[in-house]
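Residue numbers (the working numbering), protein chains in the order written: chain A, 1 to 338; chain B, 339 to 676. Step one of this worksheet: look at the structure below.
Written out as structure tokens, the structure reads:
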């Protein structure tokens, strides 16, 4: 039998972020309709290599697709000049169980995670949100910002804060307009301003929506700095022990998860749960329920909303299938006998 | 970066069963030395399709390899003329996390499972074992038998019993010598006899070693039929609810697992455990501990020994790496950019 293999370069050629946002939205909605299965995630730490790997897998019933993704994060690779973040995504046809394709998983992960952060903002932030704060200026931050600009054309000011390095935030800011054009063919309006920030309390005082995408293991953002009506898309905390925002923010917020079980187990709400601040019952719902209209997202202009995203293979599978279909249409990728 | 993809046909060209037996033995021994990690297995049943899939994954520290295997079993495919059993195996370099290869998983699964059954017999059956009984004459049975003949040259009589169909056992028996020669290049001595069987109590009365490889969900073999000194390699029960031999056989047997946790959870000993006949403490050990000399296998000629094998990704990873190395040497497989 034959399968298609897609390299990162193939995927970059075919995958457009607006299509990924649509696909991710569809996956979340199917989840809210009980038409998906999220299988248990597996995580392992390689002590000697100071590295980690995780396996996410699941079934998107409506699309009749299932699959698994193995991601490896080996930060010491950077010293050796090889990629630190790599992995493979497998997609199977759930009508026959036959494999459809194998592809680089790292780029798809970045794109679908960006889409998730943006959908959280679109569904839960105030419609008049103008000021976006990006906390974290690493590899993933670029995709979060790009997707949010597509999903929220009303954004006027983007502030970038890197808790580890102001220089990093400056570099990120300097390059953002040209990177959006070059890498994602996104041309931003001249009226949108991008600026680095280093005064977190100051910048939070007029921020409408925040994306946190750091490796933090203790809160960076304190509750008293946050203005009424702020939305948070918390993306960085995707393994046990990671935490980016003040647990107290969960007390009065409307809280949404990508998957309640995963978020309680290893998302931003893991530690608030262990502290007794969040319970399974106190979580308002899952993002898919808001996207499908089953649950109301924001109910007032001055409330806090939080979207905790831990990452679902469902999003990778739907996104990967979009890439396969486009690659087949354009004659990209390599078809191999398996 | 580049990875190699191997088709089933590539793997068949390079993988020799004696090398697989060596590799599987090495993996079991590394497990007994605490140099492996077996990650939780994932299983899912597709109700509408009457199908199942499972994901096994793990880390072979000594070889610096980790990986995952997704297998799909869609029996209704047969009606459509497409393979019912398919899957992919991914292998990664654990020094860098980079992917090494992707390959068909079904043939490797058959080969390494055959090797496991044979190693169970070699380690635990009486050294003077001459009469082998194969219970089950399906797709996998062939590999069990082939590996056992390689590992146990003292076998003289092979009886094949298919609890569902005597005709099936006859067909299997008729073809076995030519299949061994054609498919695995194994030439069997003329003195070895192969015969179909239908009288299970009768044939068990002079059987030394038994391999069970059926889909049974209730015991096929009763304790009172079993002669003293018999060994069982129980391979078929690899999902919750499957069971092939009388739970009472576990009462006085020396019992070995491929992985104690997995066997208690979904192996042949799952139901005896639920009945209280087997406990974690009553299991004598793992096969790797016998192969590495840490534990004694058989201690008397008239005792019953049982090897419960649920299947470990460790075996697939080691076997898959052997296939990659041989394919690279022989210029087989397809190297693709990923």
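For each residue, glycine too, the CB sits at the ideal point set by N, CA and C. Just so we're clear, the structure is a prediction, and the values are computed from it rather than from any experiment.
*residue 411 of chain B touches chain A at which residues, Cβ-Cβ below 9 Å?*
97
*Just the Cα atoms here: how many angstroms apart are residue 354 of chain B and residue 522 of chain B?*
7 Å
*asked:* According to DSSP, is residue 74 of chain A part of a helix, a strand, or is it coil?
replied: coil
_8 Å Cβ cutoff met for residue 30 of chain A and residue 53 of chain A_ = no
*asked:* Using 8 Å as the threshold, is the C-beta distance between residue 140 of chain A and residue 110 of chain A below it?
replied: yes
*Residues sharing a beta bridge with residue 643 of chain B, DSSP*: B:569 and B:592
*asked:* Would residue 71 of chain A and residue 428 of chain B be called neighbours here (beta carbons separated by less than 8 Å)?
replied: no
*residue 389 of chain B and residue 412 of chain B closer than 8 Å at C-beta*: yes
_Cβ closer than 9 Å: which chain B residues qualify as neighbours of residue 340 of chain A?_
The displayed coordinates of chain A run from 1 to 338. Any statement about residue 340 of chain A would go beyond what the structure contains.
*Residue burial classification, residue 464 of chain B (beta-carbon count within 10 angstroms, cutoff 16)*: buried
*Tell me where the beta strand (DSSP E) around residue 243 of chain A begins and ends.*
243-245
_Inter-stretch contact at 8 Å, needing at least 3 Cβ pairs: the region 213-223 of chain A / the region 236-249 of chain A_ = yes
*With 16 other CB atoms within 10 Å as the buried threshold, where does residue 501 of chain B fall?*
buried
*Using a threshold of 8 Å, state whether the C-beta atoms of residue 366 of chain B and residue 671 of chain B are closer than that.*
no
*What are the start and end residues of the alpha helix (DSSP H) that includes residue 324 of chain A?*
313-330
*Is there at least one Cβ from chain B nearer than 8 Å to residue 59 of chain A's Cβ?*
yes
*Where residue 219 of chain A falls: helix, strand or coil (DSSP)*: strand
_Less than 6 Å between C-beta atoms, sequence neighbours within five positions excluded: which residues of the same chain meet that for residue 605 of chain B?_
575, 646 and 648
*Residue range of the beta strand (DSSP E) that residue 442 of chain B falls in?*
437-442
_Could you check whether the Cβ of residue 37 of chain A sits closer than 8 Å to any Cβ belonging to chain B?_
yes
*Any Cβ of chain A within less than 8 Å of the Cβ of residue 387 of chain B?*
yes
*asked:* Just checking: is the beta-carbon of residue 568 of chain B within a distance shorter than 8 Å of some beta-carbon in chain C?
replied: Note that chain C does not occur in the displayed structure, where the protein chains are A and B.
*Say whether the region 5-24 of chain A touches the region 315-334 of chain A, bearing in mind that this needs 3 or more beta-carbon pairs closer than 8 Å, one atom from each stretch.*
yes
*Out of curiosity, what's the CA-to-CA distance linking residue 134 of chain A and residue 213 of chain A?*
8 Å
_Rounded distance between the beta-carbons of residue 18 of chain A and residue 327 of chain A, thought under 8 Å_ = The pair is not a contact, with the Cβ atoms about 18 Å apart (cut-off 8 Å).
*asked:* Helix, strand or coil for residue 53 of chain A? Go by DSSP, reduced to three states.
replied: strand
*Check whether the Cβ of residue 110 of chain A lies closer than 8 Å to any Cβ atom in chain B.*
no
*Measure the C-alpha to C-alpha separation of residue 385 of chain B and residue 68 of chain A and round it to an integer number of angstroms.*
19 Å
_What would DSSP say about residue 95 of chain A, mapped onto helix, strand or coil?_
coil
*For my contact list, residue 624 of chain B and residue 654 of chain B are in at a C-beta cut-off of 8 Å; report their separation, rounded to the angstrom.*
That belief does not hold up - the Cβ atoms of residue 624 of chain B and residue 654 of chain B are roughly 18 Å apart, past 8 Å.
*Nearest-angstrom beta carbon gap, residue 650 of chain B and residue 396 of chain B [assumed within contact, 8 Å]*: 7 Å
*C-alpha gap between residue 143 of chain A and residue 180 of chain A, whole angstroms*: 9 Å
*asked:* Among the candidates A:250, A:149 and A:175, whose CA atom is the shortest distance from the CA of residue 137 of chain A?
replied: A:175
*asked:* Check this for me: beta carbons of residue 359 of chain B and residue 453 of chain B, under 8 Å apart or not?
replied: yes
*Quick one: which chain A residues come within Cβ less than 7 Å of residue 672 of chain B?*
336
*Which residues of chain B have a Cβ atom closer than 9 Å to the Cβ of residue 92 of chain A, listed in chain order?*
391, 408, 410, 424, 425 and 426
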